[in-house]
Amino acid sequence: MARRIALVCLTPDPDTAEHGAHHLPSFGIRRIEAAARAAPGLDGCDIRLFDLRQADRAGFLARLRAFDPDLVGFSIYVWSAPQLIDLARDLKTQKPDTAVVFGGPSARTAFFDLPPYRGAQGYLDAVVEGDGEDIFVRIAQCDPLDRHALQQIGGLALPCGDGQWIRTGAAPPLDMGSLASPFQMGLMPAGSVAYLETFRGCPLSCRFCEWGVAKDLRAVFPEDYLVAELAAFRSLRASAVFLLDAGLNLNGHAFRNLAAAHAREPALRDTQFWAEVYPASLKPDHLAFLDQVGTSYLGVGLQSTDQAVLKAHDRPQNGARFDPAVRALAEVAQVEIQIIFGLPGETPDGFMRTLQYALSLPVDVRAYHCLVLPDALLTRSRREWNLRFDPRTLAMISNSTWSRDDIAAMRRRLSGLVQGRGGFSGDFWWSFKRERPGKGARRA
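Residues in the sequence shown are numbered consecutively from 46, following this note's numbering.
Okay, structure coming up:
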């Protein structure tokens, strides 16, 4: 099959220089590229990656049109969705017979039903709402590639002219060990941040989190696969390794595979290691592992100290183990506690109590403006919360416990506090940095 396949993403420029010289390339789209390049029957296809890194949409569209793709896969996130959807509209207007597929964390029917993106049937043919590697390969293998063929592939949502969607049924489970790796195939740039997965999904189902509803966590990446990934990171001279899992310690099987893989290929010892950790599940073997690798950043989600707020959002309560666990983690790494303002059910005063508690610990603190994310508050809010949000940025504007003025005032207040403490901020986050002694400070 001689088909031209374009894979399109938008790698954002960082809104501050907090990552220094670290380069964070797009990864999800390269997972799809690796799967397509490794798939049987697609070896005759011309597969190209297009990264919209500048504002010249017309020029980018011209380059994409010059390639004249038969199939285009878009990978979208909150920050890239508006631009890439506009690009898809332009592409479909100029070449309506091009098959267009959307995937990625923001590619959900509820997102495409928002006012700025309605009429999805005019700019896309299918949405992949879950893991996309095998599904996209099946799409690319279709001959002919038409709507009837798409209806035979599980895991898709197909737009209809009346604003409704046709769902094609569940996708088969992934065999994690068989997934093609863009690192092992040499598709990722050398000297950049590497991304590591040991499992997918999350055992939690917090309403504010884009990880969405709880999933079966038995599907983990095998030890041998992780050994090969770590070896590839070393070969590519990765400047840091970013663990993409919901948490280092949220899947026991996956963690054991990682620890065993590191014992065989200790690439993490010689580079920075960034990960999220869930304090309530912290055990001595997690601390021992973190002490053996080049741990330089650990994110810890606190979100709120108000137990009623956490319960309303289906978040397990932090409990008495939170404080000692955070202090233990701070002995081996730079720890950042993450909190959210604008959560429905929370109040400005309640958020300030959370902030003051977080600042009392020997850690960095990052406050986020609440976003109404797909697979989270966008579809799992409560009616009485009365959410109002920006449909393009998904930033919370107001809800039942935060007025528009409350949120605007908190943004100003956080900006003043961060400036006074020598921190920094982006469009939707504020970071309070702390100096601290010990191993974590040396490796940061």
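No residue lacks a Cβ here, since even glycine has one placed at the ideal position from N, Cα and C.
Whole-number beta carbon distance between residue j and residue i, since they are thought to touch under 8 Å
{"i": "V146", "j": "F181", "result": "7 Å"}
{"i": "I130", "j": "Y168", "result": "7 Å"}
{"i": "L132", "j": "A185", "result": "L132 to A185, Cβ: 20 Å. No contact."}
{"i": "R134", "j": "D420", "result": "That belief does not hold up - the Cβ atoms of R134 and D420 are roughly 24 Å apart, past 8 Å."}
{"i": "R479", "j": "P407", "result": "7 Å"}
{"i": "E274", "j": "L241", "result": "6 Å"}
{"i": "G364", "j": "V322", "result": "That pair is no contact at about 15 Å."}
N-terminal and C-terminal residue of the beta strand (DSSP E) that residue i is part of
{"i": "H414", "result": "D409 to H414"}
{"i": "E321", "result": "Q317 to E321"}
{"i": "M441", "result": "M441 to S443"}
{"i": "Q348", "result": "T340 to Q348"}
{"i": "L52", "result": "R49 to C54"}
{"i": "D91", "result": "D91 to D96"}
{"i": "L116", "result": "L116 to S120"}
{"i": "F477", "result": "W474 to F477"}
Alpha-carbon to alpha-carbon, residue j and residue i
{"i": "R487", "j": "Y342", "result": "Confidence is the limiting factor: at R487 the pLDDT is only 33, short of 50, which leaves the residue's position unreliable and the question unanswerable from this model."}
{"i": "D450", "j": "R457", "result": "11 Å"}
{"i": "P85", "j": "F105", "result": "30 Å"}
{"i": "G485", "j": "S326", "result": "In this predicted model, G485 has a pLDDT of only 43, less than 50, meaning its place in the structure is not dependable; the value taken from the coordinates is given anyway. Approximately 21 Å between the Cα atoms of the pair."}
{"i": "A79", "j": "D91", "result": "13 Å"}
{"i": "G175", "j": "H298", "result": "22 Å"}
{"i": "E255", "j": "D142", "result": "33 Å"}
{"i": "R48", "j": "L201", "result": "21 Å"}
{"i": "D394", "j": "H358", "result": "18 Å"}
{"i": "T56", "j": "D101", "result": "14 Å"}
{"i": "L355", "j": "S250", "result": "12 Å"}
{"i": "V377", "j": "G148", "result": "37 Å"}
{"i": "F157", "j": "P114", "result": "23 Å"}
{"i": "S443", "j": "I385", "result": "14 Å"}
{"i": "A51", "j": "F112", "result": "8 Å"}
{"i": "C415", "j": "G89", "result": "46 Å"}
{"i": "V173", "j": "Y413", "result": "28 Å"}
{"i": "T316", "j": "Y402", "result": "32 Å"}
{"i": "F95", "j": "A171", "result": "19 Å"}
{"i": "A283", "j": "A194", "result": "40 Å"}
{"i": "A235", "j": "G65", "result": "17 Å"}
{"i": "P204", "j": "S476", "result": "40 Å"}
{"i": "D58", "j": "P248", "result": "31 Å"}
{"i": "A34", "j": "H331", "result": "The structure shown does not extend to residue 34, since the chain is modelled only from 46 to 489, so the question has no answer here."}
{"i": "Q362", "j": "M46", "result": "54 Å"}
{"i": "A305", "j": "E268", "result": "7 Å"}
{"i": "D220", "j": "A264", "result": "7 Å"}
{"i": "I87", "j": "M441", "result": "It should be noted that the sequence gives Leu, not Ile, for residue 87. When rounded, the distance between both Cα atoms is 43 Å."}
{"i": "D472", "j": "D188", "result": "45 Å"}
Continuous alpha helix (DSSP H) stretch holding residue i: start and end
{"i": "P127", "result": "A126 to Q139"}
{"i": "S460", "result": "R449 to G465"}
{"i": "G148", "result": "Here G148 belongs to no alpha helix (DSSP H); instead the beta strand (DSSP E) covers A144 to G148."}
{"i": "F105", "result": "R102 to F112"}
{"i": "Q337", "result": "P329 to Q337"}
{"i": "A66", "result": "Careful: A66 lies outside any alpha helix (DSSP H) and carries neither H nor E."}
{"i": "G73", "result": "G73 to A83"}
{"i": "T154", "result": "T154 to F157"}
{"i": "N302", "result": "G297 to R309"}
Candidates the options: closest to residue i by CA position
{"i": "T392", "options": "M455, S151, A51 and F367", "result": "M455"}
{"i": "L388", "options": "L423, D409, A365 and Q401", "result": "L423"}
{"i": "Q83", "options": "F228, L109, R98 and F112", "result": "Gln is not the amino acid found at residue 83; the sequence shown has Ala there. Comparing Cα-Cα distances from A83 to each of F228, L109, R98 and F112, the minimum goes to F228."}
{"i": "A277", "options": "S237, A304 and F244", "result": "S237"}
{"i": "T138", "options": "R479, Q166 and P160", "result": "Q166"}
{"i": "V272", "options": "L295, R252 and R301", "result": "R301"}
{"i": "W124", "options": "V338, C54 and G246", "result": "C54"}
{"i": "T340", "options": "F287, P189 and F95", "result": "F287"}
{"i": "R110", "options": "K140, W475 and H67", "result": "K140"}
{"i": "R411", "options": "F434, G468, R437 and R192", "result": "G468"}
{"i": "R252", "options": "V380, A453 and W430", "result": "W430"}
{"i": "G118", "options": "S460, L69 and R183", "result": "R183"}
{"i": "S470", "options": "D409, M441 and M397", "result": "D409"}
{"i": "G222", "options": "E178, S120, A239 and P436", "result": "E178"}
{"i": "D207", "options": "R163, P218 and A239", "result": "R163"}
{"i": "R76", "options": "S120, P160, Q337 and R279", "result": "S120"}
{"i": "V345", "options": "R360, F334, Q383 and E310", "result": "Q383"}
{"i": "Q34", "options": "F334, Q379, G390 and P324", "result": "The displayed coordinates of the chain run from 46 to 489. Any statement about residue 34 would go beyond what the structure contains."}
{"i": "R309", "options": "Y270, L281, K328 and W319", "result": "Y270"}
What runs of the beta strand (DSSP E), each 3 residues or longer, lie entirely inside the stretch 209 to 289?
210 to 212, 238 to 241 and 285 to 288
Report the residue ranges of all beta strand (DSSP E) runs contained in full by the stretch 359 to 437; include only those spanning at least 3 residues, in chain order.
380 to 386 and 409 to 414
Going along the chain, which unbroken runs of the alpha helix (DSSP H) with 4 or more residues stay wholly within the stretch 172 to 209?
178 to 186 and 192 to 196
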